[in-house]
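Going letter by letter, the sequence shown gives residues 8 to 506 in the working numbering.
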Amino acid sequence: MMKMKWIGLFAAVITVNQNGMAEEQSVSVTVNLNVRHSVGGVDAFDREKWMVLHARATEHDWDSEEQRETFLNEYDVYLGRDCGALPEALSWTTEDPDKPGWCDHACIEQLGKRERKRYAQNTAVHALEYRSRKMTIGGQPKMFPDGSTNANGFAIGSYDALADFYEQYLTHFTGSGGTDGPPKPAMLEVVNEPFVHAREHNTTYAEISEFHNKVAERVKRSHPDILIGGYTAAHPGFEDHDFGHWDKNWRQFIDIAGGNMDFFSLHLYDNPLKNKDPLNSIYRSGSNVEAILDMVEHYSFLKLGEVKPLNISEYGCLRVGNGFPYSPDEAWRCTRSYNTILMQLLERPDRIIQAIPFMVLKAEWGRKDGYPYPKRLLYDVDELKGRPKDNDGPWAYTPRLNFWELWKGVKGTRVDTIASDPDIQVDAYVNGADVFVVVSSLDHTGPQTVELSMPGASEDLLRVEVKHAHADENLEPVIDEFERASLERITLGPLQLRC
Numbered sequence: 008m009m010k011m012k013w014i015g016l017f018a019a020v021i022t023v024n025q026n027g028m029a030e031e032q033s034v035s036v037t038v039n040l041n042v043r044h045s046v047g048g049v050d051a052f053d054r055e056k057w058m059v060l061h062a063r064a065t066e067h068d069w070d071s072e073e074q075r076e077t078f079l080n081e082y083d084v085y086l087g088r089d090c091g092a093l094p095e096a097l098s099w100t101t102e103d104p105d106k107p108g109w110c111d112h113a114c115i116e117q118l119g120k121r122e123r124k125r126y127a128q129n130t131a132v133h134a135l136e137y138r139s140r141k142m143t144i145g146g147q148p149k150m151f152p153d154g155s156t157n158a159n160g161f162a163i164g165s166y167d168a169l170a171d172f173y174e175q176y177l178t179h180f181t182g183s184g185g186t187d188g189p190p191k192p193a194m195l196e197v198v199n200e201p202f203v204h205a206r207e208h209n210t211t212y213a214e215i216s217e218f219h220n221k222v223a224e225r226v227k228r229s230h231p232d233i234l235i236g237g238y239t240a241a242h243p244g245f246e247d248h249d250f251g252h253w254d255k256n257w258r259q260f261i262d263i264a265g266g267n268m269d270f271f272s273l274h275l276y277d278n279p280l281k282n283k284d285p286l287n288s289i290y291r292s293g294s295n296v297e298a299i300l301d302m303v304e305h306y307s308f309l310k311l312g313e314v315k316p317l318n319i320s321e322y323g324c325l326r327v328g329n330g331f332p333y334s335p336d337e338a339w340r341c342t343r344s345y346n347t348i349l350m351q352l353l354e355r356p357d358r359i360i361q362a363i364p365f366m367v368l369k370a371e372w373g374r375k376d377g378y379p380y381p382k383r384l385l386y387d388v389d390e391l392k393g394r395p396k397d398n399d400g401p402w403a404y405t406p407r408l409n410f411w412e413l414w415k416g417v418k419g420t421r422v423d424t425i426a427s428d429p430d431i432q433v434d435a436y437v438n439g440a441d442v443f444v445v446v447s448s449l450d451h452t453g454p455q456t457v458e459l460s461m462p463g464a465s466e467d468l469l470r471v472e473v474k475h476a477h478a479d480e481n482l483e484p485v486i487d488e489f490e491r492a493s494l495e496r497i498t499l500g501p502l503q504l505r506c
């Protein structure tokens, strides 16, 4: 017998169709269980690619080893990105006495031995190494050679010297796992969102692009197994200024550094504006995500003769800034955008290496005016009540946990799905006797009724388990779970951003 697990995103009402009659203006969704859906040879839901937390196992922000292991194992989540280790190591480094502006290799070697020893002694993380096989590390713009000194009075002197530091870090700070030290990362994003910080660090887009070439040359000669990519773009508004944004940013980067990159990386965010009208907000979800990725892939082929794979190392909904109280509306916007953007990325399973919904752990480094950096998985319970953090704790999961809860258990072989309206996103997977059907709406105008058809499945259907993700009357993200003997109709609420 077959069980159907229906995941309804942003559904306002779920009803069971008793008589098989479709309502007017409904959207038909057909799931063909006997037709495998393969894209570029990829036909399965790879949780190591899609269910990835922006964290590393050794972060201090986990409440405990037990919490870390329970979360990762219960929700079957992988670990995917660390942008703090490289700048932290540079902050410890001293200058080569014989080569001003360059790091002291002996110092880095000793620092690396210390960190590898600490990892070797932290035996609890060794069993989780399989959850970090696609780990990405990256630098930060504050590492640029702009004259800034660290606590040792050392200032990196040039992009060549900084590229040398990257190579030395990977040589001395990483091992083969277990008692040999942390495994090498699978990928290196040269620097996180550099172009938006170019002016404050007195550099240019062209210089940053050339820096990617320098890092690729240095790292590949010693660590050819690590994939190098960039430019880890923020705000890919290609259409701005009659596509002048595209020409100055991505086109220039691919022209200068594309040939030396193993992958291209970028960040995708819905951006709510203060205007209450959802049509006056900036949406990446849906067709805009498709257009952004199309342009990068197309120009990659035109310029380089190949379509380079993509690393989507952040995605979600972004209200720029921090220092404001906890907002259930903000948590709902993020949860909603994680899902709508993921549904679009699932259309490129053969070209995306990894995709990471942007939520960090506690992120105490981002606290401002007593309030936390907002995009995070763990909050002090007082912060969830809209108050600044006290000194007592305890910590709790924010409603962003709902993203992981919604996708918990989803796996299997992808099967053919068809929606009569392109604003209704649908995907389906078969795993043994279980069928997972995922549906969400990109429509802004109002509720959309969906009529579900699964040819040939009705006689074998045992029951339907439903997860319904939506916002309650206080705009808190919630998930309703229930069972039905059958389910042929669902009403999806409109996609909206509120401020």
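For each residue, glycine too, the CB sits at the ideal point set by N, CA and C. Note that the structure is predicted; figures quoted are calculated from it, not measured.
Helix, strand or coil at residue i [DSSP, three-state]
i: D487; result: strand
i: A264; result: helix
i: N476; result: Per the sequence shown, residue 476 should be read as Ala rather than Asn. Three-state result, A476: strand.
i: C90; result: coil
i: G182; result: strand
i: H274; result: strand
i: Q147; result: coil
i: D387; result: strand
i: Y238; result: strand
i: S448; result: strand
i: P364; result: strand
i: A435; result: strand
i: W253; result: helix
i: S155; result: coil
i: R258; result: helix
i: K375; result: strand
i: G500; result: coil
i: A464; result: coil
Burial state of residue i, where buried means 16 or more other Cβ atoms lie within 10 Å
i: Q74; result: exposed
i: N129; result: exposed
i: A170; result: buried
i: Q175; result: buried
i: E31; result: Residue confidence is low: E31 scores 44 on pLDDT, short of 50, so the model does not pin down where it sits. No coordinate-derived value is stated.
i: W402; result: buried
i: V42; result: exposed
i: E371; result: exposed
i: L308; result: Note that residue 308 is Phe in the sequence shown here, rather than Leu. The residue is exposed, with fewer than 16 neighbouring Cβ atoms inside 10 Å.
i: P152; result: buried
Top-ranked residue by Cα proximity to residue i, from the options
i: G3; options: F180, G244, P316 and G377; result: Because the chain is modelled from 8 through 506, residue 3 falls outside the range shown and cannot be assessed.
i: V473; options: D50, L93, C114 and V444; result: V444
i: S98; options: L368, A162 and H44; result: A162
i: A492; options: W402, F151 and V471; result: V471
i: N409; options: Y173, C341 and L459; result: C341
i: F180; options: Q117, P429 and G48; result: Q117
i: I299; options: H451, A440 and H252; result: H252
i: E214; options: P192, A193, K255 and H248; result: K255
i: E313; options: S334, E321 and G266; result: G266
i: G184; options: V485, G453, R123 and A426; result: R123
i: V222; options: D479, K310, D269 and R343; result: D269
i: Y212; options: E196, V46, W109 and W257; result: W257
i: D441; options: G416, N295, I233 and Q455; result: G416
i: M194; options: T210, H208, Y173 and Y126; result: Y173
i: N329; options: P381, N346 and V296; result: P381
i: S344; options: F365, P356, F331 and Y333; result: F365
Close Cβ partners of residue i (< 8 Å) along its chain, the five nearest in sequence each way excluded
i: I319; result: S272, L273, H274, L275, L352, I359, Q361, A362 and I363
i: L482; result: P335, D336, W339 and R505
i: E2; result: Residue numbering for the chain in the displayed model covers 8 to 506; residue 2 lies beyond these limits and cannot be assessed.
Beta-carbon contacts of residue i that lie in its chain and below 7 Å, excluding the five residues immediately before and after
i: Q147; result: C90, P94, V198 and N199
i: L368; result: A62, E66, D68, W69, R383, L384 and L385
i: N39; result: V422, D423 and P462
i: L79; result: L135 and R138
i: G87; result: V59, L60, H61, K141, M142, T143, Q361 and I363
Cβ shell of residue i (< 6 Å), same chain only, five flanking positions each side left out
i: N438; result: K418 and G419
i: G154; result: A162
is_contact[residue i, chain B] using C-beta, thresh 8 Å
i: I115; result: Protein chains in the displayed structure number just one, and chain B is not present.
Between the stretch 261 to 277 and the stretch 290 to 303, do three or more beta carbon pairs fall short of 8 Å? yes
With three or more C-beta pairs closer than 8 Å as the rule, is the stretch 178 to 198 touching the stretch 241 to 248? no
Count the CB pairs spanning the stretch 70 to 84 and the stretch 44 to 53 that are closer than 8 Å, and state whether there are at least three. no
Could you tell me whether the stretch 138 to 156 touches the stretch 204 to 221, where touching means 3 or more Cβ pairs closer than 8 Å? yes
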